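Residue numbering for the sequence shown is 42 to 249, as defined by my numbering. All C-beta atoms in this analysis are idealised placements derived from N, C-alpha and C, irrespective of residue type, glycine included. Since the structure is predicted, the reported quantities are computational estimates derived from the model, not experimental observations. Reviewing the structure listed below.
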Amino acid sequence: MVVQKVKHFTTKLVVKKFADKLHFVYFGHVGLQDDHTMVLGATASTSHEDNFYTVGYFEGHDVILLQRTNTLHFPGKATVNYKWLIFQFDLKQSNLPHIFIDNQHHDETFFANLAVGFTKLKDMSGAFTDVGATVLIDPVRYPAARMLLSPAIVNTLTQNFRHLDVEINDDQLFIYAKDTHINMRLLENILKLGSWMAAQLDSTKLPE
């Protein structure tokens with residue numbers, strides 16, 4: 042318990058320092074009933090808990106970062122505790138296809154819950170062998186998804202960011218770091234990556 046409190050306090054100091062450096066606003070712990078913009082995406086549920094909630098604006102995009110914890114259950118599968126560092130970037134385009142890219146960080150319990158919450162997502166990894174990860178999309182939106190996952194984005198993810206997972210949905214981009222030590226370098230790297238990816242997605246012209 043003492044170790045957990047020390048780790049929580051240390052992480053809080055790091056995130057607050059990051060927020061101050063970027064002129065972001067740090068809120069800390071937020072509950073499901075609090076008056077704030079809720080970060081949705083694949084990890085959202087009625088039971089998750091969000092800490093170190095921080096909002097800001099960076100290189101043309103509204104940004105929210107937080108640490109989310111949750112315990113997931115599913116019949117016949119192990120109960121698993123999860124902890125994610127999440128960056129959400131608001132995009133200038135909307136109606137983008139739902140894409141979830143998992144670099145082998147999640148297990149059967151997570152994917153079983155994901156399948157219930159997002160019934161249109163299917164494993165299309167065979168059509169995205171260049172990504173080298175599990176890629177879930179709505180098959181109906183495959184052409185648009187293929188255009189969004191450009192060679193530039195795929196190369197960046199595969200060469201430098203195997204420790205991260207990515208989700209795109211409508212007008213939002215999510216970057217996930219699962220079960221990781223939060224430090225200034227990690228926060229700055231994800232912010233730069235997310236900002237770059239957001240700009241790439243905004244500039245991609247999709248078919249009507």
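Residue i by DSSP, collapsed to three states: which one?
| i | result |
| --- | --- |
| R203 | coil |
| F152 | helix |
| G69 | strand |
| V80 | coil |
| H49 | helix |
| L234 | helix |
| L106 | strand |
| D91 | strand |
| E100 | coil |
| N196 | helix |
Determine whether the beta carbon atoms of residue i and residue j lie at a separation below 7 Å.
| i | j | result |
| --- | --- | --- |
| F4 | H147 | With the chain covering only 42 through 249, there is no way to say anything about residue 4. |
| F93 | V47 | no |
| D220 | K118 | no |
| K121 | D91 | Per the sequence shown, the amino acid found at residue 121 is Val instead of Lys. No, the Cβ-Cβ distance between V121 and D91 is not below 7 Å. |
| G235 | I223 | no |
| L126 | D211 | no |
| A240 | L132 | no |
| A185 | L247 | yes |
| F128 | L106 | yes |
| Y67 | T95 | yes |
| V195 | D171 | yes |
Applying the 10 Å Cβ sphere with the 16-neighbour rule, what's the burial state of residue i?
| i | result |
| --- | --- |
| Q108 | buried |
| L54 | exposed |
| E208 | buried |
| L232 | buried |
| M188 | exposed |
| Q213 | buried |
| A218 | buried |
| G82 | buried |
| D50 | The residue you asked about is not Asp; residue 50 is Phe in the sequence shown. Under this definition F50 is an exposed residue. |
| V181 | exposed |
For residue i, collect the residues of the same chain with a Cβ closer than 6 Å to its Cβ; drop the 5 residues on either side in sequence, then sort them by chain order.
| i | result |
| --- | --- |
| T199 | G173 |
| E149 | K118 |
| D164 | L177 |
| K161 | D179 |
Output needed for residue i: all residues of its chain with C-beta closer than 7 Å, excluding positions within five of it in sequence on either side, in chain order.
| i | result |
| --- | --- |
| L154 | At residue 154 the sequence reads Asn, which differs from the Leu that was named. Excluding sequence neighbours, N154 sits near L113, F115. |
| D143 | A174, T175, D206 |
| F59 | M225, L228 |
| F202 | L234 |
Return the chain-ordered list of same chain residues with a C-beta closer than 8 Å to the C-beta of residue i, the five sequence neighbours on each side being excluded.
| i | result |
| --- | --- |
| A193 | Q241 |
Using 6 Å as the cut-off, classify the Cβ of residue i as near or not near the heavy atoms of the ligand NAD, replying yes or no.
| i | result |
| --- | --- |
| Y123 | The ligand NAD is not among the ligands present in this structure, which contains no ligands whatsoever. |
What ranges does the beta strand (DSSP E) occupy inside the region 144-191, keeping only unbroken runs of at least 3 residues that lie completely in it? 175-178
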